[in-house]
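Take a look at the structure set out below.
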Amino acid sequence: MTLLNNPRTRRRRIGVGAAALGLIAALFSAAPAGATPDPGDSPAAPKSVSKSDAADAKAAIKSGEIPAPGEIVHSGNIKHLANIPKDALPGTNSDLAFQGKYAFAGNYDGFRIFDISNPKKPRTVSQVLCPGSQNDISVSGNLLFLSTDSSRSDNSCSSTSQPATEKSSWEGMKVFDISDKSNPKYVSAVETACGSHTHTLVPEKRNVYVYVSSYSPSATFPDCQPPHDGISIIKVPRKAPQKAAVVDFPVLFPGEGPDGGGNPGGPTNPGVSKTTGCHDITVLPSEDLAAGACMGDGILFSIKNPEKPKVIDQVQDNKNFAFWHSATFNQKADKIVFTDELGGGSGATCDAATGPERGANGIYDVVGKGDKRKLVFKSYYKIPRHQAATENCVAHNGSLIPVKGKDLMVQAWYQGGVSVWDFTNSSKPKEIGYFERGPLSADTLQLGGSWSAYYYNGYVYSNDIAKGFDVLKIDDKRTDPAERVRVRELNVQTQPDYFD
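Heads up, the sequence shown is in the working numbering, so the first residue is 32 and it goes up one at a time.
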């Protein structure tokens, strides 16, 4: 394992308002993932925009309506403490997880571990090359879990891209031992149907259950056949992680026909994704609940028996939601925020033409009790700042800010930046702070911005696709009480009971 030099920090102008598993030996690039809409293994090539859109972007920069390329702006209650550029892993930065004084950052080429004991000066502890999108990442105890959602030649960390039409191809979950953070060790791998786009941990004392979300089956894919209307459940014994195995594939969308019982998408519902699996699942173990963002559907289900999840309610929004992407419970479990990843994360959808109700969050109240609970739509939330046609921007990954009696959240919006917002009144959400960079380019649309922005023990950590790892500090009386709350471990898709 290569121990890297201490990362550099950069001063930014403030506006208003190697190798484990052969790390440095080679850096592999891979073909885009078969499952969309999230970006593939390699950064997307810049997309041309019309001359008028480019001109509008430059005019907005000149007028100060949007920041210039390379410029950072933020609200007065946000401070930018640190930025750590990408290093040995040049791929797309993805999700984050936390444990003690460490942050774990996914990247399409592998993962990176930071020591964040001094949030103003994060220090790289290790970087592991293990290519295969998306490298969605979670940790529990001495185990680290990594999703692979692109077809690979085998399950090793030296695999190469291979067509999903070949039976020998591999996609699924990898498990690492991180008892030594400076030298993670690859322990085991489990192949799952259609790979693993994201995953969610349901931790228990002796075992960790892993809910694997994947989608986009095809009759031409031997290991990813339609209807693919459920999730894979992996059981990982903590003391014998090498014995990890799929224990079930529960069907969440039962129904007749080749596509199961989820949203049929177009042409029945034009512009809406057909439900052929789930994109992301969030569990709230303290309430035995889970919320699924499943392409064309949002679902609420019980996980009293983690091996046998039971759907309680299922909703659709065929007017404004194109792709149900992720979910966040509030602490009382009487609200859920679902996100719509309109444009798949690569589109410029934070503009006047798209409007405030598409590519946004949908806030739902959870009413009733037990298995009779229902999801009731209340409102949408979208960042109130328009972005340029050269900026990919849409609702993405975020987490609660733990303040008792309030529903506060920090959230990534790709090149829309990071938004801090309040949905205590689920009918009238409002932004209370923000941080963003100017576009990567004023001439072309290039993939970038904050993939994940999470609150952890007093700070906000953001993994920027192109710019690297950012640390932010919120100074606001509305969020100050959260600084007294400490958790030992945080996987945002496994929401803790912050006040137990």
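Built from N, CA and C at the ideal position, the CB exists for glycine as well.
Inset, instruction - Look at the alpha carbon of H349 and the alpha carbon of E372, and state the distance between them as a whole number of angstroms. - result: Per the sequence shown, the amino acid found at residue 349 is Asn instead of His. When rounded, the distance between both Cα atoms is 14 Å.
Legend entry - Buried versus exposed, by CB contacts within 10 Å (16 or more), P153: With 16 or more other Cβ atoms within 10 Å, it is buried.
Legend entry - Rounded C-alpha distance that separates A379 from D344: Cα to Cα, A379 sits roughly 32 Å from D344.
Inset, instruction - State buried or exposed for R237, treating a residue as buried only when at least 16 other CB atoms are found within 10 Å of its CB. - result: Burial call: exposed.
Inset, instruction - Report yes or no: is there a C-beta of chain B within less than 8 Å of the C-beta of V346? - result: Note that chain B does not occur in the displayed structure, where there is just one protein chain.
Legend entry - Chain-order list of residues whose beta-carbon lies under 7 Å from that of H230 (same chain, five-residue window excluded): Close CB contacts of H230 within its chain, under the 7 Å cut and outside five residues either way in sequence, are with D167, S169, F176, S178, M204, V241, Y242, V243, S244 (chain order).
Legend entry - Three-state secondary structure (DSSP) of S184: DSSP, read as helix, strand or coil, puts S184 in coil.
Inset, instruction - Measure the alpha-carbon distance for K504 versus T251 and round it to whole angstroms. - result: Just so you know, the alpha carbons of K504 and T251 end up roughly 48 Å apart.
Legend entry - Residue of V342, G296, Y133, A384 minimising C-alpha distance to R143: Per the Cα distances, Y133.
Inset, instruction - Count the C-beta pairs between the segment 120–127 and the segment 155–164 that are closer than 8 Å, then say yes if the count reaches three, no if not. - result: These segments touch.
Legend entry - Residues near E422 in its chain [Cβ-Cβ closer than 6 Å; skip 5 each side]: Answer for E422: A379, Q446, P470, listed in chain order.
Inset, instruction - Would you tell me roughly how many angstroms separate the C-alpha atoms of A275 and A220, rounded to the nearest one? - result: Approximately 8 Å between the Cα atoms of the pair.
Legend entry - Whole-angstrom distance between F500 and Q477, CA atom to CA atom: Their backbone Cα atoms lie some 18 Å apart in a straight line.
Inset, instruction - Could you check what DSSP says for A136 in three-state terms: helix, strand or coil? - result: Strand.
Legend entry - Coarse secondary structure for E467, derived from DSSP in three states: Of the three classes helix, strand and coil, the one that applies to E467 here is strand, per DSSP.
Legend entry - CA nearest to the CA of V206, picked from V218, K266, G464: It is V218.
Inset, instruction - Within the same chain, show all residues whose beta-carbon is closer than 6 Å to that of V368, passing over the 5 residues directly before and after it, in chain order. - result: Only T359, N392, I394 meet the Cβ criterion.
Legend entry - Inter-residue spacing [alpha-carbon to alpha-carbon] between I334 and G107: Answer to the nearest angstrom: the Cα atoms are 41 Å apart.
Inset, instruction - Can you say whether N522 is buried or exposed, counting buried as having 16 or more other CB atoms within 10 angstroms of its CB? - result: With 16 or more other Cβ atoms within 10 Å, it is buried.
Legend entry - Integer Cβ distance of G329 from G293, believed to fall under 8 Å: Rounded, the Cβ-Cβ distance is 11 Å, inconsistent with contact.
Legend entry - CB-CB length for S94 against V156, believed under 8 Å: Wrong, their Cβ atoms sit about 44 Å apart, outside the cutoff.
Inset, instruction - Starting from the Cα of V346, find the closest Cα among D396, S200, N361 and give me that residue. - result: By alpha-carbon distance to V346, the top candidate from D396, S200, N361 is D396.
Inset, instruction - Within 10 angstroms of the Cβ of R389, are there 16 or more other Cβ atoms? Answer buried if so, exposed if not. - result: By the neighbour-count criterion, in which 16 or more other beta carbons inside 10 Å mark a residue as buried, R389 falls on the buried side.
Inset, instruction - Would you kindly check if the distance between the Cβ of I103 and the Cβ of A419 is under 8 Å? - result: Going by C-beta atoms, A419 is not nearer than 8 Å to I103.
Legend entry - Cβ distance (whole Å) where W444 is taken to contact S481 below 8 Å: S481 and W444 do touch by the CB rule: their CB atoms are close to 7 Å apart, below 8 Å.
Legend entry - Three-state secondary structure assigned by DSSP to P268: Three-state result, P268: strand.
Legend entry - Buried/exposed call for R517, threshold 16 Cβ in 10 Å: Looking at its Cβ environment, which holds fewer than 16 other Cβ atoms inside 10 Å, R517 is exposed.
Legend entry - For I264 and P285, believed in contact at Cβ under 8 Å, the rounded distance: About 17 Å separates the two Cβ atoms, so there is no contact after all.
Inset, instruction - Please name the residue or residues paired with F352 in a DSSP beta bridge. - result: In DSSP, F352 forms no bridge with anything.
Legend entry - Same chain only: Cβ atoms within 7 Å of G141, ignoring 5 sequence neighbours per side: Contacts found: L120, Q158, V159, L160, C161, P162, N166.
Legend entry - Rounded distance between the beta-carbons of L283 and G261, thought under 8 Å: Sure, about 5 Å apart at Cβ, within 8 Å.
Legend entry - Short Cβ contact (8 Å threshold) for G376 with H427: Yes.
Inset, instruction - Compute the Euclidean distance between the alpha carbons of K508 and E514, then round it to the nearest angstrom. - result: Computed Cα separation, rounded: 11 Å.
Inset, instruction - On a CA-only basis, which of A99, S181, K413 is nearest A195? Give me that one, please. - result: By alpha-carbon distance to A195, the top candidate from A99, S181, K413 is S181.
Legend entry - Inter-residue Cα distance where the pair is D438 and F454: Distance between the alpha carbons of D438 and F454 is about 5 Å.
Inset, instruction - Mind reading off the beta-carbon distance from V491 to V449? Whole number of angstroms is fine, and I expect it under 8 Å. - result: That pair is a contact at about 7 Å.
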